[in-house]
Amino acid sequence: MLMADSTTSTTFYNCTTGFNVKNAAGTKFATTAAHCKNYKITVDDRKTTGNDNIALTFVGDFWNGSQDFQTMSLVSSTHTLNPEFFASDNVVKTLTGRRTQGNTPVGTYVCHYGMKTGYSCGTVQSTAFKAFGTDNKCGPSGAGVCNATWVKVSGPTLDCWGGDSGGPIFIGSVAAGLLSTATYQGTWSSSMKGQGYCGGAAKPNGYMTYMSTDELYKEGYSLLYGQ
1 MLMADSTTST TFYNCTTGFN VKNAAGTKFA TTAAHCKNYK ITVDDRKTTG NDNIALTFVG
61 DFWNGSQDFQ TMSLVSSTHT LNPEFFASDN VVKTLTGRRT QGNTPVGTYV CHYGMKTGYS
121 CGTVQSTAFK AFGTDNKCGP SGAGVCNATW VKVSGPTLDC WGGDSGGPIF IGSVAAGLLS
181 TATYQGTWSS SMKGQGYCGG AAKPNGYMTY MSTDELYKEG YSLLYGQ
């Protein structure tokens, strides 16, 4: 996904789409992290070569001490939002259910997909984590109080980097959450894949955090499920 911070900007930023949702009226939306930019949004469905530049329109965001997600709608009726999510490059899965935060205990093995690092998995370390510790940086101003509601994940071969934000966290074909933060610095290289930059040998204290799908439901959204 590419997004700019103004309607006239020529500078684009990378993020990853998460799960598709609907509101009480049945209107469908795509999701990503709220901290991603929200103007001039285009997405590549990664089912074909090249960038499809499918246009999305920013609808609204929820960015506070416990939430980091935004919703977007399709500009053209040529495309549809399906009950699917990216599990790897050029690979989509049909979403069949969700795992609540209360049913995702420490030790649960979860996977994620990010447009920067691709597919990798790790283990839940905490389900009551403050993403920035005592250095509160939650919300749009970066000065809000972070609640101890985030899920922390790390693992010996887990990859997480800038650009993965907003991407799906899942267990098989079941949704767990959307990626919010990750410990990284510098530039990602494909040679770093699987080297442990998110809790492994290369960076033992590395981790990523995600927002549970519970937060989507608190705001009146529900996930799109398939068969």
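Number 75 in UniProt numbering belongs to position 75 of the sequence shown; there are no gaps in the numbering. Every residue, glycine too, gets a C-beta built ideally from N, C-alpha and C.
What residue does the beta strand (DSSP E) around LYS28 start on, and which one ends it?
28–32
Please state whether the Cβ-Cβ distance between THR17 and GLY162 is less than 8 Å.
no
Figure out for me which residue from GLN101, PRO140 and VAL151 has the closest Cα to the Cα of GLY217.
First, the residue type needs correcting, since residue 217 is Tyr and not Gly in the sequence shown. Among GLN101, PRO140 and VAL151, the Cα nearest to that of TYR217 belongs to GLN101.
Over what stretch of residues does the beta strand (DSSP E) that includes LEU74 continue unbroken?
68–74
Just tell me which of VAL153, GLY118 and THR187 has its CA closest to the CA of VAL110.
VAL153
Go ahead and pull the three-state DSSP assignment for LYS193.
coil
Identity of the residue in ALA34, CYS36, PHE19 and HIS35 nearest LYS28 by Cα:
PHE19
For GLY139 versus TRP63, is the C-beta distance shorter than 8 Å?
yes
Give the secondary structure of GLY50 by DSSP, where H, G and I count as helix, E and B as strand, and everything else as coil.
Its pLDDT being 48, under 50, GLY50 is placed unreliably in this model, and the value from its coordinates should be taken loosely. Here GLY50 sits in coil by DSSP.
Close Cβ partners of CYS15 (< 7 Å) along its chain, the five nearest in sequence each way excluded
MET1, MET3, THR32, ALA33, CYS36, GLY163, SER165 and GLY166
Give me the residue from VAL151, GLN67 and LEU56 with the minimum Cα distance to ALA30.
LEU56
To which residues of the same chain is ALA182 closer than 6 Å at the C-beta, ignoring the five residues directly before and after it?
CYS160 and MET208
Are the region 109–124 and the region 64–84 touching by the rule of at least three beta carbon pairs closer than 8 Å?
no
First through last residue of the beta strand (DSSP E) which encompasses LYS93:
91–94
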